[in-house]
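Beneath this line is the structure, given in structure tokens, with notes to follow.
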Amino acid sequence: DVNVTQAKIADQAINEAKMQVSNAPTNGYALTAQSGNTGGMTWAEVGGGSMVFISSSGAISNAATVVFTGFNASAYDSYVFMFHAVCPVSNAVKLYCQVSADGGSSYHTTSGGYHSGDEADTIGLHVSRLTVGDKDDNANNFGVTGPFELFNAGSSALFTTSLSKVMIVPAGSNQGGSSMNFAHGHRDSIGHRYSSVVTDAVRFLFDSGNIDSGEIVMYGIANA
Numbered sequence: 580d581v582n583v584t585q586a587k588i589a590d591q592a593i594n595e596a597k598m599q600v601s602n603a604p605t606n607g608y609a610l611t612a613q614s615g616n617t618g619g620m621t622w623a624e625v626g627g628g629s630m631v632f633i634s635s636s637g638a639i640s641n642a643a644t645v646v647f648t649g650f651n652a653s654a655y656d657s658y659v660f661m662f663h664a665v666c667p668v669s670n671a672v673k674l675y676c677q678v679s680a681d682g683g684s685s686y687h688t689t690s691g692g693y694h695s696g697d698e699a700d701t702i703g704l705h706v707s708r709l710t711v712g713d714k715d716d717n718a719n720n721f722g723v724t725g726p727f728e729l730f731n732a733g734s735s736a737l738f739t740t741s742l743s744k745v746m747i748v749p750a751g752s753n754q755g756g757s758s759m760n761f762a763h764g765h766r767d768s769i770g771h772r773y774s775s776v777v778t779d780a781v782r783f784l785f786d787s788g789n790i791d792s793g794e795i796v797m798y799g800i801a802n803a
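FYI, in my numbering the residues of the sequence shown are 580 to 803.
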């Protein structure tokens, strides 16, 4: 039998003091060696353009909007929002993203401030161009699922642009069918905020009624 009570390196017991970790951990960071740091090792952002978790809405329950403010232009060039079965209260509604340039104190809501898909004037960036709950059976609708990407958010010289690849699956559909992507609402959609401003907050909302349920998770794509 082997009885290991404490790991050792060069006959020295390993503990946090011996490892000399110089700072507290942060979600999404990795422990790396820092030759110029007196602690020897430190928690730091993962390099190489990796996807880093920023925040989650948690379980949504009858919310008018879902807001995200975790933007950091020095760390991330682009962002991905993952939608998990986001359902509306109302039937036959579209899902939008509206952007803010003042940390979420106000949002641009004017039709004409966004160009999305083949529409020149919209109230926001299209997350879903197809309507959700359009079978008048919204309580059993599986909602919006998939990724929504945001680019150039930290630039004051470029438009904030978006690419949506979400899918809508109504209840009772044949989810294993090869035609599901077309029959049940898979639709790529591109768009941009028609103004060169730094985007530092976004909110998601349906064009009518509240968000009934689901979850949205925000990730940043590290720029170094």
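Here a beta-carbon is modelled for each residue, glycine too, at the ideal position from N, C-alpha and C.
- Taking V678 as the reference, give the member of I790, V723, T739, V781 with the closest Cα. Translated into positions along the sequence shown, residue 678 becomes position 99. Taking only the C-alpha atoms, the option nearest V678 is V781.
- For H687, the residue or residues it bridges with in DSSP: Against the sequence shown, residue 687 aligns to sequence position 108. H687 is not bridged to any residue.
- Y675 to M620 span [Cα, whole Å]: The count along the sequence shown starts at 1 and reaches residue 675 at position 96. The count along the sequence shown starts at 1 and reaches residue 620 at position 41. In a straight line, the C-alpha of Y675 is about 43 Å away from that of M620.
- Message: Between the segment 682-691 and the segment 785-802, can you find at least three pairs of beta-carbon atoms closer than 8 Å?
- Response: no
- G725: which of T701, D700, V659 sits nearest, CA to CA? Along the sequence shown, read from residue 1 onward, the residue named residue 725 stands at position 146. Ranking T701, D700, V659 by Cα distance to G725 puts V659 first.
- Message: Comparing C-alpha positions only, which one of S735, Y608, H663, P604 sits nearest to G799?
- Response: Taking the sequence shown and counting its residues from 1, the one referred to as residue 799 is at position 220. Cα-wise, what sits closest to G799 is Y608.
- What's the gap between the Cα of A612 and the Cα of S734? In the sequence shown, residue 612 corresponds to position 33, counting from 1. In the sequence shown, residue 734 corresponds to position 155, counting from 1. Between A612 and S734, the C-alpha separation is close to 32 Å.
- Message: Once the 5 residues before and after N753 are set aside, which same chain residues still bring their CB inside 6 Å of it?
- Response: Looking up residue 753 in the sequence shown gives position 174. Because N753 sits at a pLDDT of 49, beneath the cut-off of 50, its placement in the model cannot be relied upon, and the point is left open.
- Query: For S757, does the three-state DSSP call read helix, strand or coil?
  - Reply: Numbered from its first residue, the sequence shown carries residue 757 at position 178. Low confidence applies to S757: its pLDDT is 34, below 50, so where it sits in the model is not reliable, and the reading given next is rough at best. DSSP places S757 in coil when its eight states are reduced to three.
- Message: According to DSSP, simplified to helix, strand and coil, what is F721?
- Response: Along the sequence shown, read from residue 1 onward, the residue named residue 721 stands at position 142. F721 falls in the coil class under three-state DSSP.
- Have a look at T739 and L729 and give me their C-alpha separation to the nearest angstrom. Taking the first residue of the sequence shown as position 1, residue 739 is located at position 160. Taking the first residue of the sequence shown as position 1, residue 729 is located at position 150. The straight-line gap from Cα to Cα measures roughly 7 Å.
- Task: Would you identify the three-state DSSP class for F730, choosing helix, strand or coil?
- Result: Within the sequence shown, residue 730 is the residue found at index 151, counting from 1. In this structure, F730 counts as strand in the three-state DSSP scheme.
- Message: Residues in the same chain with beta-carbon distance under 6 Å from G755, minus the five sequence neighbours each way, listed in chain order, please.
- Response: If you number the sequence shown from 1, residue 755 lands on position 176. Its pLDDT being 43, under 50, G755 is placed unreliably in this model, and the coordinates cannot settle the point.
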